[in-house]
Structure formats: C-alpha cells, structure tokens
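Quick notes on the structure that follows.
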Amino acid sequence: MQDRVFKTKGFCAAAGKAAIEDSELCGAIREVFKGQADDLGGGVWKKRLNANRHRSIILARGKFYWVYQFLFSKQTQSNINRQELLAFRKLAKTYEKLTRQQIQMLLDRQDFTEICHEEKN
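Okay, so the sequence shown: first residue is 1 according to full-length UniProt numbering, each after it adds one.
Have a look at this one:
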C-alpha cells in the first residue's frame, strides 16, 4: 500500500469506544481502493465497518492519502445529512492543500495517527 492512511483524533476515540481495531480499518481501506465503498463525491467516501454496525466517513486527497474522519453507528444515525456531506467535502478540499510538513505537524500534535504504514502491496 503506497497511499498513506490516517485517522483523526476524534475518529480514534470513537473507534476505540466501538472496539474497531486498526487492522479492520486497514482491511476496509483496501476494499475502498477496490471500489467497494460508497463514493459520495468531492473526496468523500462512506465505508461499512464492524460487521455492518458502523459507518465511517473517509476523506481522500487525490488518492495519495486517506483520512478516517467520522464514525457513526447505524443504530443511532441512518446516514449523514446534506449539510454534513457539504462540510465533509469542504474539509476534503482543505486536506488537499496540506503540505507534507503540515501533515507531519498534525502527526506530531497527535491530531492525526497514521495506520496501515507497515503494510505494503
């Protein structure tokens, strides 16, 4: 896997509460690469996790890196609404402009955590 994959601090906390391991996230991102996810447009993807009990929102930057941004339970929220989708698209555009140095700063501040970096295809 040459693409870099991150999860945000908020996603990290939500995934921990839902008992979703990084290994599941890495498997899910491989499925996204194969087109097995919902492309919501504007760099926003929705992927099922945790035996279909949760949904993740993943933001992509030109398919060079991917950010697990938001996690929600299917039981408590059926889907994201239009306003949330527009906000995620705007955030994806913001992420597109990040430089390598800015990404490193996010990692250093622990706003991002890199996952799947040990896997190579």
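No residue lacks a Cβ here, since even glycine has one placed at the ideal position from N, Cα and C.
Here the structure is a predicted model, which means the values were calculated and not measured.
Between the alpha carbons of LEU40 and ALA15 lies a gap of roughly 21 Å.
Under the DSSP assignment, LYS7 falls in the beta strand (DSSP E) whose first and last residues are 4–8. At a cut-off of 3 residues, the continuous stretches assigned as beta strand (DSSP E) that sit fully inside the segment 83–120 are 112–115. ASN81 has its alpha-carbon roughly 23 Å from the corresponding atom of ALA51. Our two residues, GLY43 and ARG89, have alpha carbons roughly 6 Å apart in a direct line. Cβ atoms of ARG55 and LYS46 come within 8 Å of each other, at about 6 Å.
For CYS116 and GLN83, the gap between their C-alpha atoms comes out near 30 Å. THR113 is positioned such that its CB atom lies closer than 8 Å to that of PHE6.
If you ignore the 5 residues before and after LEU91, its C-beta comes within less than 8 Å of the C-beta of LEU59 and GLN69, all in its own chain and listed in chain order.
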